[in-house]
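Okay, structure first, notes after.
Chains as they are written, first to last, in UniProt numbering: chain A, 1 to 118; chain B, 1 to 118.
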């Protein structure tokens, strides 16, 4: 199915604070609760994510849609998608294939600032 | 202790991608793993958070430092602070007093988009 066939339902669009800005999307392992990464979504990437059940972000560095895992195979299969109370942040509950981080770590959040700042 | 006495260590500052922009900070319950909210930090709020062990954000709406819980009593006591691999997002592992969300819900993420978009 071509990507441009995906659109957000009116019910979802009304909940977004601003459908024209990028909003942070947190990927969380649906079993362990581990936070895997934070990336960004625009309306199109959210629509594709909801429709395909594969996490799809907007790459700020490449300025293009980014199906997580499309080159690495490390897909994130969607179990749930939660929007926050003011409509400007998302939690994706996912099944992570392989590791989320390009370093090979399971999670991108592996630098402990309390230890580093001691 | 006046807030302006807090500063980031050089070791932490070097890990930040850009110390002059706001970065998203995810608060997560340190026991259950539940994601509670997402707010924003600048360098000063991160320094205060690390020093005081109370989550302190930068309020984008009020344009000021925001010690979470200072009016509601719903403080977030810091257990760990994790920076991601590219230095532009944070996870705060916290003990949440009361609820994180102003609606009274424990978590701000309580709108299920898969259900809403059906």
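The C-beta atom is built at its ideal place from N, Cα and C for all residues, glycine as well.
### Message
Pairs of beta-carbons, one from the segment 68 to 84 of chain B and one from the segment 52 to 63 of chain A, closer than 8 Å: are there three or more?
### Response
no
### Task
Could you name the residues of the segment 51 to 84 of chain A whose beta carbon sits closer than 8 Å to any beta carbon of chain B, in the order they occur along the chain?
78, 80, 81, 82, 83, 84
### 9 Å Cβ cutoff, residue 18 (chain B) in contact with chain A
no
### Query
Mapping DSSP to helix, strand and coil, what is residue 14 (chain A)?
helix
### Task
Look at the Cβ atom of residue 108 (chain B), then the Cβ atom of residue 37 (chain B), and state whether they are nearer than 9 Å.
yes
#### Entry: Coil, strand or helix - residue 51 (chain B) by DSSP
helix
### Query
Which of the three DSSP states, helix, strand or coil, is assigned to residue 23 (chain B)?
strand
### Query
Would you say residue 32 (chain B) faces chain A, with C-beta separation under 9 Å as the test?
yes
### Query
Going by Cα to Cα distance, which pick from B:50, B:102, B:110 is closest to residue 91 (chain B)?
B:50
### Task
Can you tell me which of the three DSSP states residue 35 (chain A) falls into?
strand
### Task
Determine the direct distance from the alpha carbon of residue 47 (chain A) to that of residue 116 (chain B), and round the result to whole angstroms.
13 Å
### Message
Going by DSSP in three states, residue 106 (chain B) sits in which element: helix, strand or coil?
### Response
coil
### Task
Mind checking who residue 59 (chain A) pairs with in its DSSP beta bridge?
A:64
### Message
So, for residue 17 (chain A): in the same chain, excluding its five sequence neighbours on each side, which residues have a beta-carbon less than 7 Å away from its beta-carbon?
### Response
86, 87, 88
#### Entry: Host beta strand (DSSP E) of residue 97 (chain B) (start-end)
It is not in any beta strand (DSSP E) - residue 97 (chain B) carries neither H nor E in the DSSP assignment.
### Message
Using a Cβ-Cβ cutoff of less than 7 Å, which residues in the same chain neighbour residue 69 (chain B) once the five nearest sequence positions on both sides are dropped?
### Response
75, 76, 97
### Task
Examine chain B for any beta-carbon lying closer than 9 Å to the beta-carbon of residue 96 (chain A), and answer yes or no.
no
#### Entry: Neighbour list for residue 11 (chain B) in chain A, Cβ cutoff strictly below 8 Å
116, 117
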